[in-house]
Amino acid sequence: MRKSIVAVTAVGSALIVSAPPSSAAPSAEGSITKEAFGKLADGTKVDRYTLTNGRTRVRILTYGGIIQTLEVPDRHGHRGNVVLGFRTLKDYVDKNGGPYFGALIGRYANRIAKGRFTLDGKTYQLAINNGPNSLHGGLKGFNTKVWKAEPVRGKDSVGLRLTYTSVDGEEHYPGTLKTTVTYTLTRKNALQIGYHATTDKATIVNLTNHSYFNLAGEGSGVAYDHRLQLNADRYTPVDDTSIPLGPIASVKGTPFDFISPHAIGERIRDNDPQLLIGHGYDHNYVLNKPKPNALTLAAKVTDPRSGRVMEASTTQPGVQLYTANFLDGTLVGTSGHAYRQGDAFCLETQHFPDSPNKPNFPSTVLRPGQAFDATTVYAFSTK
Ligand code: GLA
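Written out as structure tokens, the structure is:
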């Protein structure tokens, strides 16, 4: 991707990095701006970047690489924020360890049973932070780190490259892991997330973004009427601590079947043992792929009210459908509304939960000399 930042102007507290005034007109509407968002208790500065292509606007924090807002046009062209989030840095620091709104998750997204895994004969013990298991990278995962940010500009896109180096032993994971996540907003209204990681010792890695979507608008109530289609014939049923049992199961004949579209809420209260464990959907789907790592459609979601459509494509083997089951009305979001159960849905593209302990799952081991690379695209349109 070409990087060309030609003009930097200070406007109020915001730093405007403007588009090159060239005849390469396609990106003329694109802009990347930066402003101060706050400071952590230790004085570390946190910035907020705003990327826009003229129609869609996304705000990204250097804290946790968090997507704070994502404003997308509805069928009448009215922009609305389609992701849950907080207004202030303090809220993210104090409260985001529960929901992980919009955050980058690492080193290991989702759960590792009892926080334990063995690699090349050595057993590692991670922090336990979710029942008996380790969740989303431990006590201070990537969602709590301040990432180095660099604007990137393509012919038809604006973007932000975030980097973070996790030192050997951080959160008890082996190896120094260098991670780069690149957010790219394209002219065609797609938000692309590119993940890249390398290590200096054998380790495990599973990276995702934990955005909570509501295509009718953040704070507008439950998203149960959204129609969801998932390109997955199979999923990984879990035990009562949400660790995959091991065998991969067919969705046929169960409320997990979204091969043809269904409203998210249509079967969410069915008396199904898996739905009862998750308090709704909180499960990993095994994506149908012609070959591993192919960038293919994972999910399509349509909101009948606004007409907004989101298509999620990924190179990753799985996606966690999580229907915001644990939001209980105690968190107040960006528009001042309290968030409750079902107010959003997450499509966390990922490797399967507990892969380090499941030899039949695609491997999450990364070794020196190898690179972990993954791409996820959330593309927006209307109908
Ligand atoms: C993931 C998990 C859920 C929950 C959320 C964050 O989606 O699978 O169980 O922990 O993150 O609240």
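Mature numbering (1 follows the signal peptide of the UniProt record, and there is no 0) puts the sequence shown at residues -24 to -1, 1 to 359. Ideal Cβ placement from N, Cα and C applies to all residues, glycine included.
Measure from the alpha carbon of residue i to the alpha carbon of each residue in the options, then state which is nearest.
{"i": "A225", "options": "Q205, L263, D50, V198", "result": "L263"}
{"i": "T99", "options": "N106, I88, G107", "result": "I88"}
{"i": "K359", "options": "P344, G283, V341, T325", "result": "G283"}
{"i": "K267", "options": "L251, G254, P293, S289", "result": "P293"}
{"i": "T120", "options": "K15, A275, P231, L252", "result": "K15"}
{"i": "T152", "options": "E11, P335, V181", "result": "V181"}
{"i": "Q346", "options": "Q296, V34, K177", "result": "K177"}
{"i": "F337", "options": "P344, A17, P329", "result": "P329"}
{"i": "T310", "options": "D209, D23, N109, V58", "result": "V58"}
{"i": "K154", "options": "T160, T351, V143", "result": "V143"}
{"i": "K124", "options": "I36, F77, D246", "result": "I36"}
{"i": "G40", "options": "L206, L204, T20", "result": "T20"}
{"i": "residue 361", "options": "Q168, V198, T94, F77", "result": "Residue 361 lies beyond the range of the chain shown here (-24 to 359); nothing can be said about it."}
{"i": "S331", "options": "I104, T94, D209", "result": "T94"}
{"i": "D304", "options": "V198, Q205, E11", "result": "V198"}
{"i": "residue 360", "options": "S236, D132, V227", "result": "Here the chain covers residues -24 to 359 and nothing more, so residue 360 does not appear."}
{"i": "F13", "options": "Q44, R31, R33", "result": "Q44"}
{"i": "K10", "options": "A17, G222, V22", "result": "V22"}
{"i": "G117", "options": "G222, P344, D216, V69", "result": "V69"}
{"i": "D248", "options": "G222, D216, P223", "result": "D216"}
{"i": "K265", "options": "D18, D209, T156", "result": "D209"}
{"i": "R281", "options": "L46, H54, D18, V34", "result": "H54"}
{"i": "Y76", "options": "Q101, L111, L138", "result": "L111"}
{"i": "S133", "options": "I104, L252, K334, V34", "result": "V34"}
{"i": "D233", "options": "P223, D246, G222", "result": "D246"}
Residue i and residue j look like a contact to me (Cβ under 8 Å); what is the Cβ gap, rounded to whole Å?
{"i": "T179", "j": "P220", "result": "Wrong, their Cβ atoms sit about 21 Å apart, outside the cutoff."}
{"i": "G229", "j": "I244", "result": "Wrong, their Cβ atoms sit about 17 Å apart, outside the cutoff."}
{"i": "V274", "j": "A288", "result": "Just to set this straight, residue 274 is Ala in the shown sequence, not Val. The pair is a contact, with the Cβ atoms about 5 Å apart (cut-off 8 Å)."}
{"i": "N29", "j": "R163", "result": "5 Å"}
{"i": "T184", "j": "V122", "result": "No, T184 and V122 are not in contact; Cβ-Cβ is about 19 Å, not under 8 Å."}
{"i": "Q205", "j": "P231", "result": "Going by Cβ atoms, the distance from Q205 to P231 rounds to 15 Å, so no, they are not a contact pair."}
{"i": "L342", "j": "T158", "result": "At roughly 18 Å, the Cβ-Cβ gap does not stay under 8 Å, so L342 and T158 are not in contact."}
{"i": "T306", "j": "N207", "result": "Between N207 and T306 the Cβ distance is about 35 Å, and since that is not below 8 Å, they are no contact."}
Taking Cβ to Cβ, would you say residue i is nearer than 8 Å to residue j?
{"i": "H172", "j": "F348", "result": "yes"}
{"i": "E5", "j": "R83", "result": "no"}
{"i": "I42", "j": "Y25", "result": "no"}
{"i": "C322", "j": "Y140", "result": "no"}
{"i": "G170", "j": "L27", "result": "no"}
{"i": "H186", "j": "V214", "result": "no"}
{"i": "A79", "j": "N72", "result": "yes"}
{"i": "V353", "j": "A166", "result": "yes"}
{"i": "H52", "j": "G195", "result": "no"}
{"i": "D319", "j": "A192", "result": "no"}
{"i": "V48", "j": "G61", "result": "no"}
{"i": "K90", "j": "N106", "result": "no"}
{"i": "T340", "j": "V295", "result": "no"}
{"i": "Y200", "j": "G241", "result": "yes"}
{"i": "I81", "j": "G113", "result": "yes"}
{"i": "S357", "j": "V285", "result": "yes"}
{"i": "N190", "j": "G254", "result": "no"}
{"i": "T32", "j": "L161", "result": "yes"}
{"i": "Y211", "j": "Y261", "result": "yes"}
Per DSSP, which residues does residue i bridge with? Please list them.
{"i": "R31", "result": "According to DSSP, which records beta bridges pairwise, R31 is partnered with nothing at all."}
{"i": "P280", "result": "Answer is none; P280 lacks a bridge partner."}
{"i": "V58", "result": "Partner(s): none; V58 has no beta bridge."}
{"i": "E324", "result": "Q296"}
{"i": "A314", "result": "V308"}
{"i": "V69", "result": "Answer is none; V69 lacks a bridge partner."}
{"i": "A12", "result": "D23"}
{"i": "I36", "result": "Y25, I43"}
{"i": "G274", "result": "Just to set this straight, residue 274 is Ala in the shown sequence, not Gly. None; A274 has no bridge partner."}
{"i": "residue 382", "result": "The structure shown does not extend to residue 382, since the chain spans only -24 to 359, so no value can be given for it."}
Taking the runs of the alpha helix (DSSP H) that are 4 residues or longer, which of them lie wholly in the region 222 to 265?
-> 249 to 254
Scan the region 107 to 169 and note each continuous beta strand (DSSP E) run of 3 residues or more that stays entirely inside, going in chain order.
-> 124 to 130, 133 to 142, 153 to 162
At which residue ranges does the region 74 to 98 contain complete beta strand (DSSP E) runs of 3 or more residues, listed in the order of the chain?
-> 79 to 81, 92 to 95
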